[in-house]
Amino acid sequence: MLNFGLDRMRIIAPRDGWPNPRANALASGAGRVLDHAGLFPDLPSAIADCDFVFATTARSRELTKPIVTPERAMQMTRALIAEGKRVAILFGPERAGLENDDVAPANAIITVPVNPEFYSLNLGQCALLMAYEWGRQTGDTPPEVMGLARTDFASQVEVERLGDHMEEKLGEVGFFYPAEKAPGMQLALRNMWGRLGLTKAEVQTFHGMLRQVWYHFGKK
Numbered sequence: 001m002l003n004f005g006l007d008r009m010r011i012i013a014p015r016d017g018w019p020n021p022r023a024n025a026l027a028s029g030a031g032r033v034l035d036h037a038g039l040f041p042d043l044p045s046a047i048a049d050c051d052f053v054f055a056t057t058a059r060s061r062e063l064t065k066p067i068v069t070p071e072r073a074m075q076m077t078r079a080l081i082a083e084g085k086r087v088a089i090l091f092g093p094e095r096a097g098l099e100n101d102d103v104a105p106a107n108a109i110i111t112v113p114v115n116p117e118f119y120s121l122n123l124g125q126c127a128l129l130m131a132y133e134w135g136r137q138t139g140d141t142p143p144e145v146m147g148l149a150r151t152d153f154a155s156q157v158e159v160e161r162l163g164d165h166m167e168e169k170l171g172e173v174g175f176f177y178p179a180e181k182a183p184g185m186q187l188a189l190r191n192m193w194g195r196l197g198l199t200k201a202e203v204q205t206f207h208g209m210l211r212q213v214w215y216h217f218g219k220k
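1 is the number of the first residue of the sequence shown in this note's numbering; add one for each residue after it.
If you want it as structure tokens, here you go:
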């Protein structure tokens, strides 16, 4: 990260605790990245203040989301940051990568175009590729990305609250049926919210729609 000018790292529920002396020993002079790393208990809290989230994964998913290369992702990131947006790149654990529940709230997926017969990259390699592409592109005028950067996106916590509101009301009217299919149905909805790239105004509109529909029909 520090090789390419990145120093804001967030760590989610580290397996071996934090701070971790072994991590500092392996940092090779870049310990200040670890010293200032944010520690979070779960993914929602780690990305709550982010406007746009990329998830890195090579595995095919049943979740429908835009899929971009590292180069395209960093073009989008530069444009977003230039307009004051907060952008996160989400990496999974070394052994298993990201689960569908982790990918669902993301706005887009980054996939490295590698040999399809051997697509596995370890965590360090994946982080290096993202950081390198960021460093390669910085210094020039940020590109325009179809008005994306000027969009007043809802934060991840606002989208999360909309998902909670939607699940609550749908649960009360018996939408999640049968019960054994409820987790999959809820995941599909969360994925949809992340993929849509909702604005703050759109989130408020959805909340208003839910309140009005429930007021008029929820108790009938």
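Even for Gly, the Cβ is constructed at its ideal location relative to N, Cα and C.
Can you give me the Cβ contacts of residue i inside the same chain, cut-off strictly under 7 Å, excluding the 5 residues immediately before and after it?
{"i": "residue 129", "result": "70, 112"}
By Cβ distance, which residues of its chain are closer than 8 Å to residue i, with the 5 residues on each side in sequence left out?
{"i": "residue 7", "result": "1, 32, 33, 36"}
{"i": "residue 241", "result": "With the chain covering 1 to 220 only, the question about residue 241 has no answer from this structure."}
{"i": "residue 114", "result": "58, 121"}
Pop quiz: residue i and residue j are said to be a contact at Cβ under 8 Å. What is the actual Cβ separation, rounded to whole angstroms?
{"i": "residue 54", "j": "residue 73", "result": "5 Å"}
{"i": "residue 189", "j": "residue 159", "result": "With 8 Å as the limit, residue 189 and residue 159 do not qualify as a contact, their Cβ atoms being about 11 Å apart."}
{"i": "residue 108", "j": "residue 68", "result": "6 Å"}
{"i": "residue 87", "j": "residue 50", "result": "7 Å"}
{"i": "residue 58", "j": "residue 194", "result": "Contact doesn't hold; Cβ gap of about 19 Å is too wide."}
{"i": "residue 18", "j": "residue 43", "result": "Actually they are not in contact, since the Cβ atoms of residue 18 and residue 43 sit about 16 Å apart, beyond 8 Å."}
{"i": "residue 80", "j": "residue 90", "result": "15 Å between Cβ atoms; not a contact."}
Count the other C-beta atoms from every protein chain shown that fall within 10 angstroms of the C-beta of residue i, then say buried if there are 16 or more, exposed otherwise.
{"i": "residue 173", "result": "exposed"}
{"i": "residue 163", "result": "buried"}
{"i": "residue 118", "result": "exposed"}
{"i": "residue 217", "result": "exposed"}
{"i": "residue 213", "result": "exposed"}
{"i": "residue 191", "result": "buried"}
{"i": "residue 166", "result": "buried"}
Using the DSSP secondary-structure output, state which residues sit across from residue i in a beta bridge.
{"i": "residue 222", "result": "Coverage of the chain is limited to positions 1 through 220, which leaves residue 222 absent and any answer about it impossible."}
{"i": "residue 67", "result": "109"}
{"i": "residue 12", "result": "40"}
{"i": "residue 153", "result": "199"}
Whose C-beta lies closer than 6 Å to the C-beta of residue i among residues of the same chain, with five residues either side of it excluded?
{"i": "residue 176", "result": "182, 185"}
{"i": "residue 77", "result": "87"}
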